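Structure first, commentary second.
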Amino acid sequence: MNCIAGDPLPAAGTTVYRLVSVSLMPLYFKSGLLEPAELKPVVDEIYIFFKKNGILTSHTELVSSDHQRSVGYDYGLVLYSMLQTGSKGQHEVYRKTLDIVDETGAWSEYYEGEPPGGTRCRPWESAINLEALIKYAKQYQE
13 MNCIAGDPLP AAGTTVYRLV SVSLMPLYFK SGLLEPAELK PVVDEIYIFF
63 KKNGILTSHT ELVSSDHQRS VGYDYGLVLY SMLQTGSKGQ HEVYRKTLDI
113 VDETGAWSEY YEGEPPGGTR CRPWESAINL EALIKYAKQY QE
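Numbering (this note's numbering), first residue to last: 13 to 154.
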């Protein structure tokens, strides 16, 4: 009861989080929440960052010279989104996704630049990456 009788708590500060990979999920799940054209600028921004810095991540504002972490599913999620939006650079992202596969043929929880970090052989990351790679390859069979 002390908290009820006490002074009001200070107002919470405003913090804006920019979770780009979350914004790409509607395309991946085909939710219809956002149209591909609405997300194309976001996808293109990720690709431009990748071309400039060599790091493929949806967390572009968090990357610095001493912190180059990307999430393991970013590679496939970005490639899948590029395919859905018709963004350029798909082959480069396809190659990058293949280049980071480990000796077991799986992807890691996250990457520090290129080396894998966190838990290896992650099913979630591997599934998203594999699905995007297959979707990319299938466009050349049709």
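The C-beta atom is built at its ideal place from N, Cα and C for all residues, glycine as well.
Note that the structure is predicted; figures quoted are calculated from it, not measured.
Alpha carbon of residue i to alpha carbon of residue j, nearest angstrom
| i | j | result |
| --- | --- | --- |
| Ile67 | Ala23 | 38 Å |
| Pro135 | Leu31 | 22 Å |
| Phe41 | Val34 | 11 Å |
| Leu145 | Thr26 | 39 Å |
| Asp148 | Tyr59 | Asp is not the amino acid found at residue 148; the sequence shown has Tyr there. Going by the C-alpha atoms only, they are around 16 Å apart. |
| Asn141 | Ser70 | 14 Å |
| Asp111 | Asp19 | 57 Å |
| Gln151 | Ser99 | 14 Å |
| Glu115 | Cys133 | 10 Å |
CB-CB length for residue i against residue j, believed under 8 Å
| i | j | result |
| --- | --- | --- |
| Tyr164 | Leu91 | Only positions 13 to 154 of the chain appear in this structure, which leaves residue 164 out of reach. |
| Pro38 | Leu45 | 4 Å |
| Lys108 | Tyr87 | 6 Å |
| Glu50 | Thr72 | Not confirmed; about 18 Å, so no contact. |
| Gln80 | Gly117 | Not a contact, Cβ separation roughly 24 Å. |
Among the options, nearest to residue i - alpha-carbon criterion
| i | options | result |
| --- | --- | --- |
| Ser120 | Gln102, Ala139, His103 and Leu51 | Ala139 |
| Phe61 | Asp111, Gly117, Ser43 and Ser82 | Ser82 |
Residues sharing a beta bridge with residue i, DSSP
| i | result |
| --- | --- |
| Pro128 | Tyr123 |
| Ser82 | Tyr123 |
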